[in-house]
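Asker:
There are 2 protein chains.
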Amino acid sequence: MPVAEDELTLTFTALADPTRRAILRRLAEGDATVNELAEPFALTQQAVSKHLKVLERAGLISRLRVASSRPCHLEVDSLGPAVDWITEQRQVWQQRHDRLERYLTTLGADDTPESS
Amino acid sequence: MPVAEDELTLTFTALADPTRRAILRRLAEGDATVNELAEPFALTQQAVSKHLKVLERAGLISRLRVASSRPCHLEVDSLGPAVDWITEQRQVWQQRHDRLERYLTTLGADDTPESS
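Chains as they are written, first to last, in this note's numbering: chain A, 123 to 238; chain B, 123 to 238.
1. Opposite L196(B) in the DSSP bridges: which residues?
2. Going along the segment 161-179 of chain A in order, which residues come within less than 8 Å of chain D, judged by CB to CB distance?
3. Does V170(A) pass the burial test, meaning 16 or more other C-beta atoms within 10 Å, or should it be called exposed?
4. Going along the chain, which residues of its own chain have a beta-carbon closer than 7 Å to the beta-carbon of L254(A), five neighbours each way excluded?
5. Quick test of your reading: I183(B) and E161(B), contact by CB under 8 Å. State the CB separation rounded to the nearest angstrom.
6. Going by C-alpha to C-alpha distance, which of I145(B), W207(B), R192(B) sits closest to A164(B)?
7. Could you list the residues in the segment 208-224 of chain A with a C-beta less than 8 Å from some C-beta on chain B, going in chain order?
8. Report buried or exposed for P193(A), applying the criterion of at least 16 other Cβ atoms within 10 angstroms of its Cβ.
9. What's the C-alpha gap between Q211(A) and Q216(B)?
10. For R138(A), name the three-state secondary structure that DSSP assigns.
11. Run through DSSP, which three-state label would A169(B) get?
12. Put A154(A) into one of helix, strand or coil per three-state DSSP.
13. Figure out for me which residue from A204(A), T209(A), T227(A), R224(A) has the closest Cα to the Cα of D139(B).
14. Who are the near neighbours of T227(A) in its chain, counting only those whose CB is closer than 6 Å to its CB and skipping five residues on each side?
15. Can the beta-carbon of L201(A) be found less than 7 Å from the beta-carbon of H195(A)?
16. Should N157(B) be listed as close to the ligand ATP, given that the test is whether its C-beta is under 6 Å from any heavy atom?
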């Protein structure tokens, strides 16, 4: 099924920050509150909240409503479209690269423009 | 081998734009000059050049020095670290999700907080 381009942009934007990637790795170990996230990263709650909003907008996390602390929770399927896009691209690039290599091999190694 | 966090940030930043992703898909079909890229996207050469700089900085493309037009060329291995990061994360998230599901199954379906 086709994925909205905007969705991929939001996901890649969310991943394009080392702190946000670290927050995601932390949440893979278990849900955590803003307080619990702020401490190990030596960030203010405000800075963490800003990062969480970007992650939430991309659908990578959700905020649970079970308590006033609203713990953050990874959305397990949310990486799917980005994984699909990036692995498909790598495959296409690799296939093109392999075709070029085979073509160059048939031309012969000494057939470079400089040697003529 | 560990990948510099900055490298991942540059890659995901480069991918976080629909035009840059379209340029990469076009380059997967073959090298192209700035002119050749500008036309189908209805962009100015200046706008294309700006996107190419972001892609080049992330190492996703290189500019060939074979002609004054300096065609753009995909760097086939450059997606590797981002693919590795994102697929590993998805695997870790999925494993955690599966463990939680199994745990909840052992608790029984009627054991929700609201029903107590």
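All C-beta atoms in this analysis are idealised placements derived from N, C-alpha and C, irrespective of residue type, glycine included.
Answerer: Walking through what the data contain:
1. Paired residues: I183(B).
2. Within the model displayed, chain D is absent; protein chains A and B are what it includes.
3. Under this definition V170(A) is a buried residue.
4. Residue 254(A) lies beyond the stretch modelled for chain A, which goes from 123 to 238, so this question has no answer here.
5. The pair is not a contact, with the Cβ atoms about 18 Å apart (cut-off 8 Å).
6. Taking only the C-alpha atoms, the option nearest A164(B) is I145(B).
7. Residues I208, T209, Q211, R212, V214, W215, Q216, R218, H219.
8. P193(A) comes out buried.
9. Going from the Cα of Q211(A) to the Cα of Q216(B) covers about 23 Å.
10. Sequence check: residue 138(A) is Ala here, not Arg. Shown here, A138(A) sits in coil according to DSSP, grouped into three states, outside any helix or strand.
11. Helix at A169(B).
12. DSSP, read as helix, strand or coil, puts A154(A) in strand.
13. When C-alpha distances from D139(B) are compared across A204(A), T209(A), T227(A), R224(A), the shortest belongs to A204(A).
14. Excluding residues within five positions, none has a Cβ falling inside 6 Å.
15. At a Cβ-Cβ threshold of 7 Å, L201(A) and H195(A) do not count as neighbours.
16. Among the ligands in the structure shown, none appear at all, so the ligand ATP cannot be discussed.
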